[in-house]
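Notes for the one structure printed next.
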Amino acid sequence: MRGCAAAEECVQASINIGVSQNVLTTKCCTSDLCNSQDAPEGSICPPNGKKCFYCDGTNCTKTLNCNGNEDYCISRGNRPSVTAKGCASKQICSAELSALIGEEISCCQGDLCNSGSSRTVGLLLFVTPLISLVLFS
Numbered sequence: 105m106r107g108c109a110a111a112e113e114c115v116q117a118s119i120n121i122g123v124s125q126n127v128l129t130t131k132c133c134t135s136d137l138c139n140s141q142d143a144p145e146g147s148i149c150p151p152n153g154k155k156c157f158y159c160d161g162t163n164c165t166k167t168l169n170c171n172g173n174e175d176y177c178i179s180r181g182n183r184p185s186v187t188a189k190g191c192a193s194k195q196i197c198s199a200e201l202s203a204l205i206g207e208e209i210s211c212c213q214g215d216l217c218n219s220g221s222s223r224t225v226g227l228l229l230f231v232t233p234l235i236s237l238v239l240f241s
């Protein structure tokens, strides 16, 4: 996808919820008509040492090794029966992203700070809006 964007939208963002990882990579330039090249391929970075809880089925007490710039643990869901947990980069934790997908995303920075618990998981309700945001922004 090509187009114009604000400088703060030129990011590499990543979210990993254990069963899937989504990486957004952008390539930005500042001169007229400079966006004729393809965007770089997203790549999975090596583990960075951070650990967060993630949900496997209804069990949200499993631990996940975060990768690359995933320096936050996340919990998603403003409804008690729909939860997703995992690792994310700073850009995923922005208030603007939470507002765009219409869901609360809680972020914290300590290892395993997104407290594990058993809940019903609604992964599609979490990942689909993120993918839509990336594809249609």
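Read in the numbering used here, the sequence shown has 206 at position 102, and its numbers run on one by one without any break.
Glycine included, every Cβ here is placed at the ideal spot set by N, Cα and C.
Treat the numbers as computed from the prediction; the structure is a model and nothing was measured.
For T130, no beta strand (DSSP E) encloses it, and the DSSP letter there is neither H nor E. The three-state secondary structure of Q116, taken from DSSP, is strand. If you compare the alpha carbons of C191, S179, E145 and I209 with that of N152, the shortest gap goes to C191.
Under DSSP, A143 shares a beta bridge with no residue.
Nearest neighbour of E113 by Cα position, chosen from T129, D136 and I119, turns out to be T129.
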